[in-house]
Amino acid sequence: MNSRKVRVRFAPSPTGPLHIGGVRTALYNYLFAKKHGGDFLLRIEDTDQNRYVPGAEEYIIESLKWCGLQYNEGVGLGGPHAPYRQSERKDLYKQYADALIEKGYAYYAFDTPEELETIRKQLEAQKITFQYNPATRIRMKNSLTLLPEDVKNRLAAGEHYVIRIKTPEDEEIRVNDLIRGEVSFHSSLMDDKVLYKSDGMPTYHLANVVDDHLMEISHVIRGEEWLPSAPLHVLLYRYLGWEDSMPQFAHLPLLLKPEGNGKLSKRDGDRLGFPVFPLQWTDPKSGEVSSGYRESGYFPEAFINMLSLLGWHPETEQEIFTIEELAQAFSLERVNKSGAKFDPEKAKWFNHQYLITKSNAELAACLKTILAEKGIQTNDCKVEKVCELIKERANLIPDLWNQSDYFFIAPETYDEKTIKKYWKENTPALLNELKNLLLSLNDFEKETIETATHRYVEDNGLSMGQVMNAWRLSLVGAGRGPGMADIASVLGREEVIARMDKALKALG
RNA sequence: GGCCCGUUCGUCUAGUCGGUUAGGACGCCAGGUUUUCAUCCUGGAAAUCAGGGGUUCGAGUCCCCUACGGGCUACCA
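Using our numbering, read the first sequence as starting at 41 and increasing by one per residue.
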């Protein structure tokens with residue numbers, strides 16, 4: 041049992057965009073599979089037709105692709121256990137529900153949703169929560185209480201029914217969790233969950249267990265919200281006769297809101313100003329747009345690296361990992377038990393770490409896209425040079441533009457603070473002298489400019505600050521950016537002189 | 001309400017076999033480098049290990065209780 045091949049799955053429900061908690065679950069599954077040379081599958085759990093959201097499945101697939109979480113089998117790819125979409129496996133599940141009934145581990149229930157709702161409401165008034173369980177099922181309308189003849193007639197008449205598990209009355213059910221250790225539940229507190237719905241679809245519980253078994257899943261790595269139903273799943277494996285090959289469970293802690301309490305939700309992102317989704321998502325019904333990491337200018341490697349450390353810690357203090365290194369270092373034993381609050385600031389730091397290691401050509405490609413959107417014409421050589429100069433200053437891809445705009449567009453305004461600090465009475469005279477000096481140079485290479493301007497400062501007993509910062513103000517419009525010789529050489533002599541003239545005119 | 005899980009600097013966390021000045025990272029602050037910003041370097045503040053009881057020569061580490069947080073409690077996943 042322990043020597044069997046590692047096969048894990050990511051099994052989202054297409055009810056909307058995948059949020060970063062889901063991506064992390066997929067990531068941990070992926071890393072675990074990679075680490076053990078196993079398989080990683082994508083299964084779509086669309087057994088609830090009412091909650092189906094168009095585009096969600098495509099979104100999930102595209103997200104995994106962007107993150108680089110390549111799966112070996114699954115929706116869109118196929119594989120030996122196809123189909124991988126539960127709605128397409130619909131016919132498969134009924135036989136297992138029937139088998140359970142036959143063995144006496146499940147039963148038909150004819151109570152309508154309305155009837156159950158009424159009972160719930162009545163009990164709620166008495167502050168009692170209704171549970172369909174060993175204690176109450178004898179009072180309900182099901183094949184345990186009805187005459188066999190009656191049941192047969194109802195079924196023959198096509199009456200709506202569900203199939204519920206027959207929970208044992210007094211049994212301790214132990215679930216071994218790879219992250220939490222042994223967790224036990226008492227069966228008397230569990231309910232007779234519906235396994236098969238009246239619409240002919242299985243519920244998550246049945247479909248999940250059946251598919252995991254059929255697909256030979258060795259480890260179920262999923263969110264903590266599933267821990268309470270784990271004993272039900274254990275029971276199902278047992279009743280279906282699959283206990284020997286039951287997968288091992290690992291329930292991941294949840295991702296929490298950055299501030300306040302509660303788990304991270306769709307709303308938090310845009311309220312707090314950071315994405316909760318890997319990709320931008322437009323709600324097909326409301327048209328509401330939620331931002332994504334990709335569109336916000338994160339690199340997938342950085343995004344993945346950041347997520348990997350949210351709830352897991354390697355043995356060393358290394359923080360920057362390629363996905364291969366992550367797979368190598370990953371282990372479920374080192375996954376935390378407690379929920380993690382997401383920190384947008386650290387996410388930016390991660391991106392910066394990746395951004396500065398990118399080649400100038402790669403960054404230039406990113407910047408060129410932005411320039412094109414803005415309709416700015418330029419040449420590749422310049423864009424690459426600009427990227428080299430400003431990469432230390434950028435966190436996200438859009439910063440490539442935010443930190444380099446002045447290379448492409450002359451300043452329209454001049455920063456007040458910088459004016460106050462560096463634009464003195466003698467500044468115009470200095471800039472005019474500097475202008476003449478620049479005009480007299482044989483070429484406009486960085487080194488030439490640097491040598492000449494430095495000598496000018498020295499020969500005239502000036503300070504670097506008073507000359508360079510005023511010059512900077514005239515070319516950039518503010519006190520930021522790389523060295524002046526760099527900026528000037530990229531801008532070119534003509535543009536530099538024009539900007540100096542413009543500043544002299546504007547600031548006097 | 002019931003059941004289950006959790007609780008180390010603001011945040012992510014190290015700490016797995018009980019003996020540490022409780023370590024790192026992000027962020028923050030200060031200083032340095034730099035013509036500015038950013039980077040970089042150095043330093044700093046920051047957790048009485050949720051609280052209280054035990055066990056022990058000794059507990060963040062083991063046990064119990066309490067508090068707080070979270071999850072689940074659908075013919076949703």
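For glycine and all other residues, C-beta sits at the position ideal for the given N, C-alpha and C. Keep in mind it's a predicted model, so treat the numbers as computed, not measured.
Got a sec? Which residues, its chain only, sit under 6 Å from valine 423 by beta carbon, not counting five neighbours each side?
By one-based count along the first sequence, residue 423 stands at place 383. Ala404, Leu407, Lys408.
In angstroms, rounded to a whole number, what distance separates the CA positions of phenylalanine 225 and leucine 132?
Indexing the first sequence from 1 puts residue 225 at position 185. Indexing the first sequence from 1 puts residue 132 at position 92. Each residue's Cα considered, the two are about 30 Å apart.
By how many angstroms is the C-alpha of leucine 479 removed from the C-alpha of isoleucine 527?
In the first sequence, counting from the first residue as 1, residue 527 sits at position 487. In the first sequence, counting from the first residue as 1, residue 479 sits at position 439. About 16 Å.
By the DSSP assignment, the beta strand (DSSP E) with histidine 226 in it spans what residues?
Working through the first sequence from its first residue, we reach residue 226 at position 186. Where histidine 226 is concerned, the enclosing beta strand (DSSP E) stretches over 221-226.
Any heavy atom of the ligand NAP closer than 7 Å to the CB of tryptophan 389?
The ligand content of the structure shown is nil, which means the ligand NAP is not present either.
Using the C-alpha atoms, what's the distance from leucine 347 back to phenylalanine 72?
Taking the first residue of the first sequence as 1, we reach residue 72 at position 32. Taking the first residue of the first sequence as 1, we reach residue 347 at position 307. Spanning the two alpha carbons is a distance of roughly 15 Å.
Neighbourhood of aspartate 151 by C-beta distance below 6 Å, restricted to the same chain and skipping five residues each side
Reading the first sequence from its first residue, position 111 is the one you call residue 151. For aspartate 151, where only same-chain residues beyond five positions count, the Cβ hits under 6 Å are Met180, Lys181.
If you draw a straight line from the C-alpha of glycine 116 to the C-alpha of tryptophan 321, how long is it?
Locating residue 116 in the first sequence gives position 76, where the first residue counts as 1. Locating residue 321 in the first sequence gives position 281, where the first residue counts as 1. So the alpha carbons of these two residues sit roughly 20 Å apart.
With which residues is phenylalanine 80 paired in a DSSP beta bridge?
Locating residue 80 in the first sequence gives position 40, where the first residue counts as 1. Answer is Val48, bridged to phenylalanine 80.
When the Cα of leucine 395 is compared with those of Ile219, Phe447, Lys545, Gly337, which residue comes out closest?
For this step, residue 395 is matched to residue 355 along the first sequence. For the residues Ile219, Phe447, Lys545, Gly337, the minimum Cα distance to leucine 395 belongs to Gly337.
Is tyrosine 462 near glycine 517, with beta carbons less than 8 Å apart?
Reading the first sequence from its first residue, position 422 is the one you call residue 462. Reading the first sequence from its first residue, position 477 is the one you call residue 517. Not in contact: tyrosine 462 and glycine 517 (Cβ atoms no closer than 8 Å).
According to DSSP, what are the bridge partners of serine 53?
Within the first sequence, residue 53 is the residue found at index 13, counting from 1. DSSP, once it has assigned bridges, lists no residue as partnering serine 53.
Counting only the same chain and skipping the five closest in sequence on each side, list residues whose C-beta sits under 7 Å from that of isoleucine 159.
For the purposes of this step, residue 159 is taken as the residue at position 119 of the first sequence. So the list reads Phe170, once near-sequence residues are dropped.
Just the C-alpha distance for glutamine 288 and tyrosine 136, rounded to the nearest angstrom, thanks.
Counted from its first residue, the first sequence places residue 288 at position 248. Counted from its first residue, the first sequence places residue 136 at position 96. If you take the alpha carbons of glutamine 288 and tyrosine 136, they lie about 21 Å apart.
Going by C-alpha to C-alpha distance, which of Asn500, Leu235, Ser326 sits closest to leucine 477?
Looking up residue 477 in the first sequence gives position 437. The option with the nearest alpha carbon to leucine 477 is Asn500.
Within a Cβ cutoff of 8 Å, which residues of the same chain sit near glycine 55, ignoring the five residues on either side of it in sequence?
For the purposes of this step, residue 55 is taken as the residue at position 15 of the first sequence. The displayed chain sequence assigns threonine, not glycine, to residue 55. Answer for threonine 55: Asp88, Arg91, Tyr92, Val93, Ala96, listed in chain order.
Whether methionine 255 touches arginine 129 by CB criterion (8 Å)
On the first sequence, position 215 is the one that residue 255 refers to. On the first sequence, position 89 is the one that residue 129 refers to. Against a cut-off of 8 Å, the Cβ pair of arginine 129 and methionine 255 comes out as no contact.
Beta-carbon gap between glycine 263 and glycine 61 smaller than 8 Å
Position 223 of the first sequence, counted from the start, is the residue given in the question as residue 263. Position 21 of the first sequence, counted from the start, is the residue given in the question as residue 61. Taking 8 Å as the Cβ cut-off, glycine 263 and glycine 61 qualify as a contacting pair.
Compare the beta carbon distance of arginine 125 and glycine 78 with 8 Å and say whether it is the shorter of the two.
Here residue 125 refers to the residue found at position 85 of the first sequence. Here residue 78 refers to the residue found at position 38 of the first sequence. Their beta carbons are not under 8 Å apart, which means arginine 125 does not touch glycine 78 by this criterion.
Go through its chain and collect everything with a Cβ distance to arginine 433's Cβ below 6 Å, but skip five positions before and after it.
Here the question's residue 433 lines up with position 393 in the first sequence. Taken in chain order, the residues that qualify are Gln443.
By Cβ distance, which residues of its chain are closer than 8 Å to leucine 349, with the 5 residues on each side in sequence left out?
By one-based count along the first sequence, residue 349 stands at place 309. Only Glu359 meet the Cβ criterion.
Going straight from the alpha carbon of tryptophan 441 to that of histidine 76, what length do you get?
To locate residue 441, count along the first sequence from 1; it is residue 401. To locate residue 76, count along the first sequence from 1; it is residue 36. Near 42 Å, if we compare the C-alpha coordinates of histidine 76 and tryptophan 441.
For serine 503, which residues in the same chain have their Cβ closer than 8 Å to its Cβ, ignoring the five residues on either side in sequence?
Translated into the one-based positions of the first sequence, residue 503 becomes position 463. Closer than 8 Å at the Cβ level, and outside the excluded window around serine 503, lie Val497.
When you compare only the Cα positions, how much space is there between arginine 539 and isoleucine 410?
Counting from 1 along the first sequence, the entry for residue 539 is found at position 499. Counting from 1 along the first sequence, the entry for residue 410 is found at position 370. About 24 Å.
Taking the alpha-carbon positions, what's the lysine 306 to valine 316 distance?
For the purposes of this step, residue 306 is taken as the residue at position 266 of the first sequence. For the purposes of this step, residue 316 is taken as the residue at position 276 of the first sequence. Their Cα atoms are separated by approximately 6 Å.
At a cut of 8 Å, does the stretch 279-294 reach the stretch 369-378 through at least three beta carbon pairs?
yes
Quick check on the burial criterion: 16 or more other C-beta atoms within 10 angstroms. Buried or exposed for phenylalanine 284?
The residue given as residue 284 occupies position 244 in the first sequence. According to the sequence provided, residue 284 is aspartate. The question's phenylalanine does not apply to it. Aspartate 284 should be labelled exposed.
Quick one: grab the DSSP three-state call for glutamine 288.
Here the question's residue 288 lines up with position 248 in the first sequence. Glutamine 288: strand per DSSP, three-state reduction.
If the criterion is Cβ atoms closer than 8 Å, does the pair lysine 206 and glycine 144 meet it?
For the purposes of this step, residue 206 is taken as the residue at position 166 of the first sequence. For the purposes of this step, residue 144 is taken as the residue at position 104 of the first sequence. Yes, the Cβ-Cβ distance between lysine 206 and glycine 144 is below 8 Å.
The beta strand (DSSP E) that contains arginine 204, what's its start and end?
Numbered from its first residue, the first sequence carries residue 204 at position 164. Arginine 204 -> beta strand (DSSP E) spans 202-205.
What is the residue span of the alpha helix (DSSP H) that glutamate 456 lies within?
For this step, residue 456 is matched to residue 416 along the first sequence. Run containing glutamate 456: 456-462, per the alpha helix (DSSP H) assignment.
Quickly, what does DSSP pair threonine 322 with across the bridge? List them, please.
The sequence position of residue 322 within the first sequence is 282, counting from 1. For threonine 322, which the question treats as bridged, DSSP gives the partners Val329.
State the CB to CB distance for the pair serine 103 and proline 384, rounded to an integer number of angstroms; the pair is presumed to be in contact (CB under 8 Å).
Along the first sequence, one-based indexing puts residue 103 at 63. Along the first sequence, one-based indexing puts residue 384 at 344. Not quite, the Cβ-Cβ distance comes to about 19 Å (not below 8 Å), so this is no contact.
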